[in-house]
Amino acid sequence: MPGPSSAHRSLLPLAQLQAGVASREQVLAHGVTDRTLARLLRTGQWSRLRTGVYLTTGSTPSFESIAWAGVLAAGDRARLGGTAAAHLQGLLPEAPEQVLVLVPHVRVLASSERWQFVRERTGARDPRSVGALPCTTVEDTVLDLCATARPEDVVGWATVAVQRRRTTPTRLLRALEQRRRHPRRSLLVALLEDVAAGAESPLEITYFRDVERAHGLPAGVRQQPSRDRRALRDVRYPLHGTVVELDGRLGHTELGRFRDMDRDNVAGLDGLFTLRYGAGDLYGRPCSVAAQVALALRQRGWRGLPTRCPRCRAVPDQDWV
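If you number the sequence shown the way our numbering does, the last residue is 338 and the count never jumps.
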């Protein structure tokens, strides 16, 4: 639904009170006179975040304070988008340095170091605003971020949104269908089908799409518990005694390395051969990864043959089985 009207903006929502931000309109509506307002600013009890928008806490403004200031300054139907919305929706741990504020197409505001004001064309996104601090829907947030992202980051945005139960593949696909144009449409459609099929992480999806399926490898079993049930095997080929572990940077340094070694040792004792790949391998040389996995599977009884994907055919000296 559209953002709050001017009448409602004169009230102070709880989330805005907690952020310690108020507009001049709201301050006057609550009985503060211009003279009192001038004194509060002069004595430093309040500070001006932007023309007509004040910080009432007398402290360093938080991300929420700056975000509220941008929305209030932009007026009716303004809302947060991009990484600002992603942070508030739990998709991005770090708060962005600049807050993206989407404003009605007819309005023009000058951006600054703190705020980027972007005119929003009517019908470009779902008109509903969600959250105590008005934002684009999670689906539109993800689609907007994917539009300018690298392929590997598209995988990350879509996966984290579904993993954290902020949305579903079906809802994302439905939102994508509402957009006449999207530069990552083909990738998103294929990716969301993989997520719906059970792939759980960006690396797992990349392995499933760019290594296993693209090269005709047999389908592995994903997230299968180890014999001692202390670990989950990322991808296991039970008929061929092979495990593929996919390691992102987090959790695989210092103590994480020792956990990986222990997991590989346990797999070895179970008669399993382990191959381990990181993000650089999967994003940078998926064809070489596929060649290694295919060789390991053939050495352990797989009678099939891998196929070359378009990327393989484009690189004549690509390592292959």
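Even for Gly, the Cβ is constructed at its ideal location relative to N, Cα and C.
(request) Confirm, please, whether the CB-CB distance from L97 to V70 is below 8 Å. (result) no
(request) Quick one: grab the DSSP three-state call for R181. (result) coil
(request) Check each candidate in P168, V261 and E156 and name the one with the smallest Cα separation from R188. (result) E156
(request) With a threshold of 16 other CB atoms inside 10 Å of the CB of S129, please say whether the residue is buried or exposed. (result) exposed
(request) Give a yes or no on whether the C-beta atoms belonging to S79 and A36 are separated by under 8 Å. (result) yes
(message) Only counting the same chain, and skipping five residues up and downstream in sequence, which positions put a Cβ closer than 6 Å to that of V228?
(response) P303, V306 and A307
(request) Could you tell me the boundaries of the alpha helix (DSSP H) in which G321 lies? (result) Premise fails: G321 is in no alpha helix (DSSP H) and is neither H nor E.
(message) Please state the DSSP three-state secondary structure of V172.
(response) helix
(request) Can you tell me which of the three DSSP states A39 falls into? (result) strand
(message) Please return the same chain residues whose Cβ sits closer than 7 Å to the Cβ of P168, not counting the five positions on each side in sequence.
(response) L204
(message) Give me, in chain order, the residues of the same chain whose beta-carbon lies closer than 7 Å to that of L272; leave out the 5 immediate sequence neighbours on both sides.
(response) For L272, the pLDDT reaches just 34, beneath the cut-off of 50, and the residue's location in the model is therefore unreliable, leaving the point undetermined.
(request) Check each candidate in A178, A213 and S40 and name the one with the smallest Cα separation from T154. (result) A178
(request) Alpha carbon to alpha carbon, how far is L292 from V310? Give it in angstroms, no decimals. (result) 8 Å
(message) By the three-class DSSP mapping on this structure, what secondary structure does C152 have?
(response) strand
(request) Keeping to the same chain, check which residues put their C-beta closer than 7 Å to that of P30; ignore five residues upstream and five downstream. (result) A149
(request) Counting only the same chain and skipping the five closest in sequence on each side, list residues whose C-beta sits under 8 Å from that of L58. (result) S64, R65 and Y71
(request) Check Q33 in the structure and name its three-state DSSP category. (result) helix
(message) I'd like the span of the beta strand (DSSP E) that includes D227, first residue to last.
(response) Taken as a continuous stretch (DSSP letters only), D227 belongs to no beta strand (DSSP E), as it is neither H nor E.
(message) Just to confirm the assignment: which complete alpha helix (DSSP H) runs, minimum length 4, are found wholly within the segment 77-121?
(response) 80-91 and 99-105
(request) Work out the CA separation of L108 and T73 for me, nearest whole Å. (result) 29 Å
(request) Inspect the beta-carbon positions of V261 and Y294 and report whether they are closer than 8 Å. (result) yes
(request) Using beta-carbon positions only, say whether R124 and G87 come within less than 8 Å of one another. (result) no
(request) Locate the beta strand (DSSP E) running through G295, then write down its first and last residues. (result) F290 to G295
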